[in-house]
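Worksheet: one structure, shown below.
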Amino acid sequence: MTSPQARRPIVAANWKMNTGPDDGAQLARAVSAEDLPLAQVEVVLCPPATGLTSVAEAVEDSPIAVGAQHVYWESSGAFTGEISVPMLTGLAAYAITGHSERRQLFGESDLDVRRKTLAILSGGLTPIVAVGESLDQWDAGETLAVLRSQVTQVFDVLSPEQTAASVIAYEPVWAIGTGRNASPEQAQEAIGWIRDTVAACQGRPAAERVRIQYGGSVSPDNCDELLSRDGIDGALVGGASLDAAQFAAIVRAAVP
Ligand code: PGA
Numbered sequence: 053m054t055s056p057q058a059r060r061p062i063v064a065a066n067w068k069m070n071t072g073p074d075d076g077a078q079l080a081r082a083v084s085a086e087d088l089p090l091a092q093v094e095v096v097l098c099p100p101a102t103g104l105t106s107v108a109e110a111v112e113d114s115p116i117a118v119g120a121q122h123v124y125w126e127s128s129g130a131f132t133g134e135i136s137v138p139m140l141t142g143l144a145a146y147a148i149t150g151h152s153e154r155r156q157l158f159g160e161s162d163l164d165v166r167r168k169t170l171a172i173l174s175g176g177l178t179p180i181v182a183v184g185e186s187l188d189q190w191d192a193g194e195t196l197a198v199l200r201s202q203v204t205q206v207f208d209v210l211s212p213e214q215t216a217a218s219v220i221a222y223e224p225v226w227a228i229g230t231g232r233n234a235s236p237e238q239a240q241e242a243i244g245w246i247r248d249t250v251a252a253c254q255g256r257p258a259a260e261r262v263r264i265q266y267g268g269s270v271s272p273d274n275c276d277e278l279l280s281r282d283g284i285d286g287a288l289v290g291g292a293s294l295d296a297a298q299f300a301a302i303v304r305a306a307v308p
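In terms of this note's numbering, the sequence shown is numbered consecutively and its last residue is 308.
Structural data, given as structure tokens:
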């Protein structure tokens with residue numbers, strides 16, 4: 053079994069629908085100019101699609117990686133507006149899938165998330181698979197059931213190797229962009245459930261290697277107590293990632 057220490061923390065910036073090619077590159081340069089512990093923490097910037105090229109250029113001499121916020125599972129064809137995994141060659145090493153905004157606002161289903169995750173892995177990229185319960189589900193005590201279902205839908209069809217190579221982001225929907233984050237205990241418990249579910253799908257060794265981030269209103273004020281918890285392998289950061297200094301503070305808090 054891989055020890056938890058062997059999992060390198062990963063902090064990803066989800067810029068959402070903010071920044072174009074120029075200001076995105078400027079933000080990427082500002083992030084890379086920060087004092088970042090890049091030997092210990094993997095850092096990924098996920099700009100909108102139109103910023104992928106300029107951001108990739110801005111960080112090309114640094115270990116900072118680039119990720120896409122969204123992909124489609126087909127490789128090419130008549131899919132207006134979509135971007136495929138092969139189209140990201142040379143631009144991105146990661147792709148987010150299953151983000152709650154995609155699920156809620158754009159109708160992305162568990163089956164879509166499964167297909168996208170498989171396509172991302174087949175294309176040689178690393179998926180960041182986002183899962184999380186809504187406020188209603190949280191209030192109704194359904195968090196465990198929701199997480200089990202979302203995780204199983206994807207990880208049941210991967211191989212143990214694909215599982216170990218993936219990243220999962222636990223993002224309680226009620227904590228995203230609300231300034232209300234899960235307590236470190238809540239985040240740690242939910243992440244434990246997610247890891248157990250992955251183990252039920254693909255075995256304990258693979259589950260011990262998959263990295264599981266927390267996301268939802270992560271900020272310089274709460275990152276230390278969240279990221280110092282065992283089993284929380286980094287963060288997926290929205291709002292605070294639009295400020296280089298704030299994002300850097302979160303990256304530094306992820307050093308094991
Ligand atoms: P937030 O977003 O940090 O602004 O809550 C996180 C996310 O949606 O990934």
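Even glycine gets a Cβ: it sits at the ideal position worked out from N, Cα and C. Just so it is clear, the structure is predicted and the values come from calculations on it, not from any experiment.
query: Rounded straight-line distance, which links the Cα of residue 165 to that of residue 137; result: 14 Å
query: Check: residue 246 C-beta below 7 Å from any heavy atom of the ligand PGA; result: no
query: Enclosing alpha helix (DSSP H) for residue 108 [first to last residue]; result: 104-110
query: Under 8 Å between C-beta atoms of residue 156 and residue 183; result: no
query: Cβ neighbours of residue 276 in the same chain (closer than 6 Å, five flanking residues each side left out); result: 305
query: Pick from 62, 61, 66 that is closest to residue 289, judged by C-alpha positions; result: 66
query: Sheet register partners of residue 169 (DSSP bridge); result: DSSP output for residue 169 lists no bridge partner at all.
query: Extent of the continuous alpha helix (DSSP H) run through residue 199; result: 195-207
query: CB contact flag (residue 298, residue 280, <8 Å); result: no
query: First and last residue of the uninterrupted alpha helix (DSSP H) at residue 79; result: 73-85
query: Beta-carbon proximity of residue 49 to residue 108, cut-off 8 Å; result: The chain is shown from 53 up to 308; residue 49 falls before or after that span and cannot be answered.
query: Contacts around residue 140, its chain only, beta-carbon distance under 8 Å, and the 5 residues preceding and following it disregarded; result: 104, 120, 123, 147, 175, 177
query: beta-carbon residue 165 near the ligand PGA non-hydrogen atom, thresh 7 Å; result: no
query: For residue 95 and residue 307, believed in contact at Cβ under 8 Å, the rounded distance; result: Going by Cβ atoms, the distance from residue 307 to residue 95 rounds to 12 Å, so no, they are not a contact pair.
query: Contacting residues, own chain, Cβ-Cβ under 8 Å from residue 255 (five flanking each side not counted); result: 212
query: Euclidean distance between Cα positions of residue 224 and residue 92; result: 26 Å
query: Delimiting residues of the alpha helix (DSSP H) encompassing residue 249; result: 236-254
query: Nearest-angstrom Cβ-Cβ length linking residue 150 and residue 181, presumed shorter than 8 Å; result: 5 Å
query: Reduced DSSP category for residue 140 - H, G, I as helix; E, B as strand; rest coil; result: helix
query: Check: residue 223 C-beta below 7 Å from any heavy atom of the ligand PGA; result: yes
query: Helix, strand or coil at residue 219 according to DSSP, with G and I counted as helix; result: strand
query: CA-to-CA distance, residue 144 to residue 322, given in whole angstroms; result: Here the chain comprises residues numbered 53 to 308, so residue 322 is not present and cannot be evaluated.
query: Spatial neighbours of residue 185 in its chain, beta-carbon cut-off 7 Å, leaving aside the 5 residues before and after; result: 194, 195, 198, 199, 224, 225
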